[in-house]
Amino acid sequence: MVRVIVDGTPVDVAPGSSALQACEAAGKEIPRFCYHERLSVAGNCRMCLVEVERAPKPVASCGFPVNEGMKIFTDTETVRKARRAVMEFLLINHPLDCPICDQGGECDLQDQAYGYGSGISRYHEEKRAVTDKNLGPLVKTVMTRCIQCTRCVRFSAEVAGTPELGGISRGENLEITTYVEKALTSELSGNLIDICPVGALTSKPSAFQARPWELRKTDAIDVMDAVGTNIQIQARGGEVKRIVPRVNDEVNEEWLSDKGRFSVDGLKRRRLDRPWVRVHGKLHPASWQDAFVAIAKRLEGVQGSRIGAIVGDLCDAESIMALRDLMWSLGSLNLDCRQDGAKYDLSDRARYTFASGIVGIDEADAILVVGANPRLDAPVLNARIRKRYLSLGRGGLPIGVIGTLTSDPTWAYEDLGSNPVSVNGLLSGNIEFVEKLKAARKPVIIVGQEALTREDSAAILKACRALAESVGALTDDWNGLNILHTAASRVAALDLGFVPRKGGRSLRGMLSSGVDVLWLLGADEFSVNAISPETFVIYQGHHGDAGAARADVILPGSAYTEKSGTWVNTEGRIQRSFQAVFPPGEAKEDWKIIRAASEVLGAKLPYDTIETLRERLQLGVSSAAGEVADEPGAEAIEAKPLLASSRSYYLTNPISRSSPTMVECAEVYAPGVAVAAE
Numbered sequence: 001m002v003r004v005i006v007d008g009t010p011v012d013v014a015p016g017s018s019a020l021q022a023c024e025a026a027g028k029e030i031p032r033f034c035y036h037e038r039l040s041v042a043g044n045c046r047m048c049l050v051e052v053e054r055a056p057k058p059v060a061s062c063g064f065p066v067n068e069g070m071k072i073f074t075d076t077e078t079v080r081k082a083r084r085a086v087m088e089f090l091l092i093n094h095p096l097d098c099p100i101c102d103q104g105g106e107c108d109l110q111d112q113a114y115g116y117g118s119g120i121s122r123y124h125e126e127k128r129a130v131t132d133k134n135l136g137p138l139v140k141t142v143m144t145r146c147i148q149c150t151r152c153v154r155f156s157a158e159v160a161g162t163p164e165l166g167g168i169s170r171g172e173n174l175e176i177t178t179y180v181e182k183a184l185t186s187e188l189s190g191n192l193i194d195i196c197p198v199g200a201l202t203s204k205p206s207a208f209q210a211r212p213w214e215l216r217k218t219d220a221i222d223v224m225d226a227v228g229t230n231i232q233i234q235a236r237g238g239e240v241k242r243i244v245p246r247v248n249d250e251v252n253e254e255w256l257s258d259k260g261r262f263s264v265d266g267l268k269r270r271r272l273d274r275p276w277v278r279v280h281g282k283l284h285p286a287s288w289q290d291a292f293v294a295i296a297k298r299l300e301g302v303q304g305s306r307i308g309a310i311v312g313d314l315c316d317a318e319s320i321m322a323l324r325d326l327m328w329s330l331g332s333l334n335l336d337c338r339q340d341g342a343k344y345d346l347s348d349r350a351r352y353t354f355a356s357g358i359v360g361i362d363e364a365d366a367i368l369v370v371g372a373n374p375r376l377d378a379p380v381l382n383a384r385i386r387k388r389y390l391s392l393g394r395g396g397l398p399i400g401v402i403g404t405l406t407s408d409p410t411w412a413y414e415d416l417g418s419n420p421v422s423v424n425g426l427l428s429g430n431i432e433f434v435e436k437l438k439a440a441r442k443p444v445i446i447v448g449q450e451a452l453t454r455e456d457s458a459a460i461l462k463a464c465r466a467l468a469e470s471v472g473a474l475t476d477d478w479n480g481l482n483i484l485h486t487a488a489s490r491v492a493a494l495d496l497g498f499v500p501r502k503g504g505r506s507l508r509g510m511l512s513s514g515v516d517v518l519w520l521l522g523a524d525e526f527s528v529n530a531i532s533p534e535t536f537v538i539y540q541g542h543h544g545d546a547g548a549a550r551a552d553v554i555l556p557g558s559a560y561t562e563k564s565g566t567w568v569n570t571e572g573r574i575q576r577s578f579q580a581v582f583p584p585g586e587a588k589e590d591w592k593i594i595r596a597a598s599e600v601l602g603a604k605l606p607y608d609t610i611e612t613l614r615e616r617l618q619l620g621v622s623s624a625a626g627e628v629a630d631e632p633g634a635e636a637i638e639a640k641p642l643l644a645s646s647r648s649y650y651l652t653n654p655i656s657r658s659s660p661t662m663v664e665c666a667e668v669y670a671p672g673v674a675v676a677a678e
């Protein structure tokens, strides 16, 4: 450690730290615009000036390295004058439009101007004006407000891995723009809004809708993928206005995917707000009691073996637990949470989770990706892979890919073919990349859903495990064999045993006339047309999507923003989300619906409060242990390529499909379509 004296206070910092970091460690707040702790140092704005003993003039603390015994002064008259001068230059060309700027109330320039700005201007020449740029359907630009901090340029190049922004011209004529006129292509582009210190980059879908101080803020978990990104829901009245990320260094750092951020407008469209019952082929509105009675009448005389339930991708652990208990009490073992037909090794929790942990990527020194596309499956996790790739220097992190990547993954890789037979080639030593895995101290193998939804998925997973053992990815202190899930509810459902037990039917078996009554809990991601016409379908969910169209009874549930729930991400991390707004109309929280239905069905569940249900959740995992029904599949890896999903990244669930913003993104970023920005 290096000892530095900051305003007379000694502080120890790591070697190589900057003067700004030393000041922050000493509890001193240093104003800055261009500096960001997760980006490279640019030293553009000069707002972070401090005095250093024996230095001839104030220095930019963000790029000034410390040394033993250095004395730093952060609040001298010289420092204050220097910062005032910098602020005066920054405000010379900045427009006086704070009252109409969406950044107002959370603007760094606004905050610093109160401390270092002047009440008058000495500048009487004409101000500079800059043409706004069209960066696509998500990010709005007012480039006259830009102070050329280049945070957006560095984020695009370093974190997102899509270096599409840059500066042209010099001096006062400098402009931040795209190199070629087209929309931004990153799935993380919304983070540009967060890191912009002024109002140059704001949210286009939510422009002029609300002020930050008008919004009620609630901590929650993003469900658009399985990473478990920590978010903050910002609502006014009964409507969610914005979703922004929260900092969690072990999960998402401070980033959020575009789908998680901008699909917010899908929460108020195509909503189910009252129960419906199908009578003589047509759905009619009904009361809750009528809906429950219709279900009870249909279940009369039906054996448990002829009842089934399927859980969707956006369900919380509480509702999954309640539905599992209801099905068990009705004598049904026909449960499934795998709408995509994926198969997992459920003998141990570490075998169906991201066992190394998301933060474990920061220690990986070789990576093999099998049947996954991290950039689309989990954009925030992909950003961590890129960070590790850059931290080791280009070429320092060998990455091999078996499968089909439909877009640039933002890191260099060796293409090992699209056929999973390549896993056997690595095992036998016929593919040279295996030597890089063996040479690694902490190798990582990431297995995605494209590999797990095939008939030969069990064989692929078995070969991957054998490979992990042979290259040292499975040791006492390191488990590098990871499953990358894409559904937010999947790990919780697997933990709770929402899979067919011995004698039970999987989703495929239930669809092929295997059950007489089928309960869908937010399940919309499989072909509902495959459900037998004779099957009585109960759909419980929050959007009128595919499942609701096929239902005989519709029970309106609540979206993730409208309930307090427990979520388990791809690495098995348990996180809690809180209710931000109330569900619309007569819709209710899902576990309450199931609890109320159980009483009418004569199988009353033993919990009346969320606290009691959560106590049972703790016992639910242990009670889930049991023999899982065997599923037929190929015993050897088949020689056919791993095919990438044909679904658009922006339209993977009922909420995003109901979002006009996500629909527009799907059209703008359709594969093979060149879209001009202006």
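full-length UniProt numbering applies: residue 1 is where the sequence shown begins, and numbers increase by one. Don't be surprised by glycine CBs; every beta carbon is placed ideally from N, CA and C. These numbers come from a predicted model, not from an experiment.
What residue range is occupied by the uninterrupted alpha helix (DSSP H) comprising residue i?
i: I594; result: D590 to V600
i: R151; result: R151 to R154
i: N334; result: That residue, N334, is in no alpha helix (DSSP H); its beta strand (DSSP E) goes N334 to D336.
i: S428; result: V421 to S428
i: V380; result: P379 to S391
i: A113; result: D108 to Y116
Cα separation between residue i and residue j?
i: V66; j: A26; result: 13 Å
i: E678; j: R32; result: A caution first: E678 carries a pLDDT of 42, below 50, which makes its placement in the model unreliable, though a value can still be read off. Answer to the nearest angstrom: the Cα atoms are 33 Å apart.
i: Y607; j: I243; result: 32 Å
i: M327; j: E631; result: 21 Å
i: E158; j: L39; result: 7 Å
i: A676; j: Y669; result: Confidence is the limiting factor: at A676 the pLDDT is only 46, short of 50, which leaves the residue's position unreliable, though a coordinate-based value still follows. Taking the straight line joining both Cα atoms gives about 11 Å.
i: I233; j: P212; result: 12 Å
i: I100; j: A296; result: 56 Å
i: V2; j: V41; result: 20 Å
i: G393; j: T162; result: 17 Å
i: D590; j: G115; result: 50 Å
i: R261; j: P58; result: 40 Å
i: A523; j: E615; result: 26 Å
i: A235; j: V247; result: 19 Å
i: D7; j: A14; result: 19 Å
i: E667; j: V11; result: 54 Å
i: I446; j: A493; result: 21 Å
Pick from the options: whose alpha carbon is nearest that of residue i?
i: S512; options: R211, E525 and S532; result: S532
i: S356; options: K282, I233, L397 and N482; result: N482
i: L437; options: N173, L368 and G403; result: L368
i: F526; options: R211, N653, G63 and G104; result: N653
i: V444; options: T150, L165, R465 and A459; result: R465
i: H280; options: D552, R384, D265 and L267; result: D552
i: D133; options: G167, G117 and T78; result: Reading off the sequence, residue 133 comes out as Lys, not Asp. Nearest option by C-alpha distance: G167.
i: P431; options: G417, R441, G396 and T74; result: Position check: residue 431 holds Ile in this sequence, whereas Pro was assumed. Nearest option by C-alpha distance: G417.
i: W567; options: D222, P99, P205 and L96; result: D222
i: S17; options: T9, V4, E29 and S347; result: V4
i: M224; options: S203, K204, K182 and D258; result: D258
i: K588; options: T561, I574, G341 and R614; result: T561
i: V142; options: K217, S646 and I193; result: I193
i: C152; options: R170, L184 and V130; result: L184
i: E106; options: P197, N93 and L49; result: P197
Can you give me the start and stop residues for the beta strand (DSSP E) that residue i sits inside?
i: Q232; result: N230 to R236
i: Y539; result: F536 to G541
i: R278; result: W276 to V279
i: G199; result: No beta strand (DSSP E) contains G199, which DSSP labels as neither H nor E.
i: A220; result: R216 to I221
i: K71; result: K71 to F73
Please determine whether the Cβ atom of residue i lies at a distance below 7 Å from any heavy atom of the ligand ATP.
i: K259; result: Here there are no bound small molecules, and the ligand ATP is not part of this structure.
| With contact counted as at least three CB pairs below 8 Å, one residue from each stretch, are the stretch 298–314 and the stretch 324–342 in contact? | Verdict: yes, contact present.
| query | Are there three or more Cβ pairs, one per stretch, closer than 8 Å when the stretch 497–513 is compared with the stretch 460–472? | reply | With a cut-off of 8 Å on Cβ pairs, the stretch 497–513 is not in contact with the stretch 460–472, counting fewer than three such pairs.
| field | Uninterrupted alpha helix (DSSP H) stretches inside the stretch 308–334 (no shorter than 4 residues) | value | Fully enclosed alpha helix (DSSP H) runs of 4 or longer: 317–329.
| Three-pair Cβ contact test at 8 Å for the stretch 173–183 versus the stretch 40–59 | With a cut-off of 8 Å, the stretch 40–59 and the stretch 173–183 do not count as touching, because too few Cβ pairs lie within range.
| query | Is there contact here, the stretch 653–662 with the stretch 542–549, by at least three beta-carbon pairs under 8 Å? | reply | At 8 Å Cβ cutoff, the stretches touch.
| said: Which runs of the beta strand (DSSP E) at least 3 residues long sit entirely within the stretch 513–593? Give them in chain order. | reply: Those beta strand (DSSP E) runs which fall completely within the stretch 513–593 and span 3+ residues are 517–521, 536–541, 553–556, 565–568 and 574–577.
| task | Pick out the complete alpha helix (DSSP H) segments inside the stretch 430–476, 4 residues or longer, and give them in chain order. | result | You should have 433–439, 449–452 and 457–470.
| the stretch 408–423 touching the stretch 449–464, judged by at least three CB pairs closer than 8 Å | Three or more Cβ pairs drawn from the stretch 408–423 and the stretch 449–464 lie within less than 8 Å of each other, which places the two stretches in contact.
| message | When you compare the stretch 317–325 with the stretch 277–294, are there three or more beta-carbon pairs, one atom per stretch, that lie closer than 8 Å? | response | No, because fewer than three Cβ pairs between the stretch 317–325 and the stretch 277–294 fall closer than 8 Å, the two stretches do not touch.
| field | Uninterrupted alpha helix (DSSP H) stretches inside the stretch 346–383 (no shorter than 4 residues) | value | Those alpha helix (DSSP H) runs which fall completely within the stretch 346–383 and span 4+ residues are 374–377.
| Which ranges would you report for the alpha helix (DSSP H) in the stretch 250–295 if only whole runs of at least 4 residues count? | 258–262, all fully within the stretch 250–295.
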